[in-house]
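Residue numbers (this note's numbering), protein chains in the order written: chain A, 311 to 967; chain B, 110 to 392.
Using N, Cα and C, we set each Cβ at its ideal position, and we do this for glycine too.
Each remark here refers to the structure printed beneath this line.
See the structure below:
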């Protein structure tokens, strides 16, 4: 015989102001099976929980209903109260009378009260059919895989490794460092980007708990939280890293010159190259697309000059496997191609460059030794126009969102320009100045006052050439008139877009991504680091545009999550997962195709008792199943059962209203 | 349309080469010119095989029995039958190598009045889509046309439609012949028969019948190939195609013009999960 206790919460004024709680409590007392119906101002507080614990013991309750806020908020709290009083924690049901009633029906107290009573009646009916459930233990492999060696990946790897957890850090390019290595100085303090980044890069290479695999990519990820198996392809570098000393003789003698992607194509690199002087590992790789030895079988100069004999033209891609318990995705960002801005003459005028090209030029180690130069004639520009929101906040040509970092780096560029070319002048066309962050607004002020940059609010309509100058025609919305600026150089602050390979990578990892290609977090506010797939975390611009402080903070948050996951030898897992009734299963495998977590596989079982013939049935992987219930809904033969949401429970709920 | 001779030849060849254990075809019923399905285990019975415009049955229904689904079976499939065969293969109920399908480029079968059947007039794919050998000349895929009866019915107001259905389903005797005749109803135990579930009950009332039939039609949504085996089997002559055709229409209009069983490995509109589905609404 069911003995249910119902505990209704006032939630201060949140519930009590819009729902007549005493009336609800009285109505609840009449429901069949209810032994106790009580109310309290804050059920989640310690006295509130004590009230539940006492009632369970005194009245020998078999299940408990708490009518309060969303179960997302306090289900765990109340489950613990139940288990403290000796009741199975899964005998709890939460009736959400706050989000589902008081908050949404504030204008009609009578109806809200009635709805609250209905919700409680349903929860009571469901709780009567609840079954005792027990947490599942899943073993854990204590090794993390970090995908991407930018500042996000570096920070996450270092923080995890510092907790003495082995990390495998993989990076698709020959060196770690990512976008941050390309920057000159960083806002809002103007520290040199390389100076603060390279010590971290060296730490990664020398850390005993970090295995760095550069020039590689993930090609497969199987398994589930705590027990992933990753296949990693090490791309052929044609250089034996274990014997190479990084002397650089090969890169000096190589006769092939190709556009240098690290410097945004401003200068040339060789076919055998290290991306930049501070690269980690500081070993060259051969670019197979341009090396004449690999393409035509002629040359081989690098092999001749290498004293260690490290060049191996016969090297092939190698696939290695790593067992990992958690994955941190830190793939970073790309920049939007401003080609659609035809009216600006993008592509036609050489003196229109993107902000990252400008960044490389003003970098002390960059291709122009730190001086911004006009690509057309190599002269030092005097008047430079910066145009913000190229692609960002532009539904017609680009993307809808704000790229977040452009306001700040454009202010930085104005200051850097002033530092490098003292008699220059910066004009900045902007839509809004978004400078929310510690020291950010002050930094923009510094650009405006100290360097006397002219900030013009408005969009640029056209850029055309006059002599060797560019005329930038735009609107000054504050004056309400058209302005024309004679510019030597135009810098476009192009939008941040997700790394182009994000969607295929997301599919490979089994996580979701949004319409732009950013990886989706599990909850925009409360779980910003996790993905919907347990054990996979996001750091940096792979999730959304971010500046360096935010990226580093998120990377450290990932590390904290990974360390939390690895804190025990086994992981506890919610038992509310699907189970298969193999007797009834027809083996149609529709559940396999609808499962968003790839948690269902097939197995062969004997056709009958002792039979040698086999038939196929579905099998749930307990570690992977998240209990979403898609398979239950799709199963025609009703062979799948979701613990905690069984048919009797749901039918009880429906029948009770 | 008469393929009797060709089919007899192929069947004897298959038995002679020991390629099949059973052959499923049609034979005359013995008292009028209608036919019945016919399962041959002995090559001596081959002369009894017939196939013409009175061969109305979807023979893939006889592949789902325990004694046929693991044996090597030869059978004749029309356009619609081959689509259900496709689904049975996709849903792992059969092994492709165990089935020898003689595909027919169908010209339509007749109804009990001897006229061309309505589903054949509205047929989208008269040629077999999966076969080991094909008889006749392929006519190709036709345009989808909405069902005539359904059109008539949907023009009526809601109350009249409800009246119509409650009157029609009153005649259901819950014999489950529709389920047994459907090639795609192969579950070992139908959801309607589950003792553990309190959802369904077997009582012979109009509401129970409607509940069961609606569930059945939803389990066939995106899978029904409009072979009308169910209607042929129904002793109460219920217009079951109305339920299936309505589902087919909704799915055709809303799921990229999806039609059941047209392609290999196509599980139907409701049985897919794609990471490219926009999931903005999932928290």
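{"Check": "So with Cβ pairs under 8 Å, would you call residue 284/B a contact of chain A?", "Outcome": "no"}
{"Check": "Starting from the beta carbon of residue 628/A, find every residue of chain B whose beta carbon is closer than 9 Å, and list them in chain order.", "Outcome": "Near residue 628/A there are no residues of chain B at all, since even the closest Cβ is about 29 Å away, more than 9 Å."}
{"Check": "Return yes when the C-beta of residue 872/A is under 7 Å from any heavy atom of the ligand ATP, and no when it is not.", "Outcome": "With respect to the ligand ATP, the structure shown offers nothing to examine, as it has no ligands at all."}
{"Check": "For residue 630/A, count the other beta carbons within 10 Å of its own beta carbon; 16 or more makes it buried, fewer makes it exposed. Which is it?", "Outcome": "exposed"}
{"Check": "Three-state secondary structure (DSSP) at residue 274/B?", "Outcome": "helix"}
{"Check": "With a threshold of 8 Å between beta-carbons, can residue 198/B be considered close to chain A, or not?", "Outcome": "no"}
{"Check": "Is the Cβ-Cβ distance between residue 401/A and residue 437/A less than 8 Å?", "Outcome": "yes"}
{"Check": "Can you tell me where the beta strand (DSSP E) with residue 337/A in it begins and where it stops?", "Outcome": "Where residue 337/A is concerned, there is no enclosing beta strand (DSSP E), although the alpha helix (DSSP H) it sits in stretches over 331-339."}
{"Check": "Determine the DSSP secondary structure at residue 420/B, reduced to helix, strand or coil.", "Outcome": "Past the edges of chain B, shown from 110 to 392, lies residue 420/B, and the structure says nothing about it."}
{"Check": "Quick check for students: name the residue ranges of the alpha helix (DSSP H) that lie wholly in the segment 254-327 of chain B, counting only runs of 4 or more.", "Outcome": "257-263, 267-278 and 286-290"}
{"Check": "Could you spell out where the alpha helix (DSSP H) holding residue 463/A opens and where it closes?", "Outcome": "461-472"}
{"Check": "What is the DSSP secondary structure of residue 442/A, reduced to helix, strand or coil?", "Outcome": "coil"}
{"Check": "Ignoring anything shorter than 3 residues, give me the beta strand (DSSP E) runs that lie fully in the segment 190-217 of chain B, in order along the chain.", "Outcome": "208-213"}
{"Check": "Note down, in chain order, all residues in the segment 306-335 of chain B with a beta-carbon under 8 Å from any beta-carbon belonging to chain A.", "Outcome": "306, 307, 308 and 328"}
{"Check": "Is residue 392/B helix, strand or coil when you go by DSSP?", "Outcome": "Because the pLDDT at residue 392/B is just 38, under 50, the model does not fix this residue reliably, and the value given afterwards should be weighed accordingly. In this structure, residue 392/B counts as coil in the three-state DSSP scheme."}
{"Check": "Applying a beta-carbon distance threshold of less than 8 Å, which residues of chain B neighbour residue 904/A?", "Outcome": "380, 381 and 382"}
{"Check": "Just to check my reading of the structure: residue 290/B and residue 170/B have Cβ atoms closer than 8 Å, yes? What is that Cβ distance to the nearest angstrom?", "Outcome": "6 Å"}
{"Check": "I need the DSSP call for residue 351/B, collapsed to helix, strand or coil.", "Outcome": "helix"}
{"Check": "Counting only C-beta atoms, is residue 291/B closer than 8 Å to chain A at any point?", "Outcome": "no"}
{"Check": "Any contact of the segment 644-653 of chain A with the segment 775-783 of chain A, i.e. 3+ C-beta pairs under 8 Å?", "Outcome": "no"}
{"Check": "Is the distance from the Cβ of residue 434/A to the Cβ of residue 528/A below 8 Å?", "Outcome": "no"}
{"Check": "Does chain B have any CB closer than 8 Å to the CB of residue 950/A?", "Outcome": "no"}
{"Check": "Classify residue 717/A as helix, strand or coil using the three-state DSSP reduction.", "Outcome": "helix"}
{"Check": "Output the distance between the C-alpha atoms of residue 622/A and residue 446/A, rounded to the nearest integer angstrom.", "Outcome": "50 Å"}
{"Check": "Report back the beta-carbon spacing between residue 734/A and residue 770/A to the nearest angstrom; my notes put them in contact at under 8 Å.", "Outcome": "With a Cβ gap of about 19 Å, residue 734/A and residue 770/A do not count as contacting."}
{"Check": "Residues of chain A with CB under 9 Å from residue 339/B, in chain order?", "Outcome": "In chain order: nothing, as chain A lies at least about 16 Å away."}
{"Check": "Terminal residues of the continuous beta strand (DSSP E) containing residue 317/A?", "Outcome": "314-319"}
{"Check": "So what's residue 347/A in DSSP terms, helix, strand or just coil?", "Outcome": "strand"}
{"Check": "Suppose you measure from the CA of residue 392/A to the CA of residue 275/B; what does that come to, to the nearest Å?", "Outcome": "49 Å"}
{"Check": "Looking at residue 927/A: is its Cβ nearer than 8 Å to the Cβ of residue 890/A?", "Outcome": "yes"}
{"Check": "Return the bridge partner residues of residue 660/A from the DSSP annotation.", "Outcome": "None, per the DSSP bridge assignment."}
{"Check": "When DSSP builds the beta bridges, which residues end up paired with residue 363/A?", "Outcome": "Its beta-bridge partners do not exist; DSSP assigns none."}
{"Check": "Do you know offhand how far residue 411/A's Cα is from residue 404/A's?", "Outcome": "13 Å"}
{"Check": "Excluding sequence positions up to five away, which residues of its chain have a Cβ less than 7 Å from the Cβ of residue 301/B?", "Outcome": "309, 321 and 324"}
{"Check": "Can you check which of these residues, 202/B, 137/B and 162/B, is closest to residue 111/B by C-alpha distance?", "Outcome": "162/B"}
{"Check": "Any beta carbon from chain C within less than 8 Å of residue 900/A's own beta carbon?", "Outcome": "Absence of chain C from the displayed structure is noted, the protein chains being A and B."}
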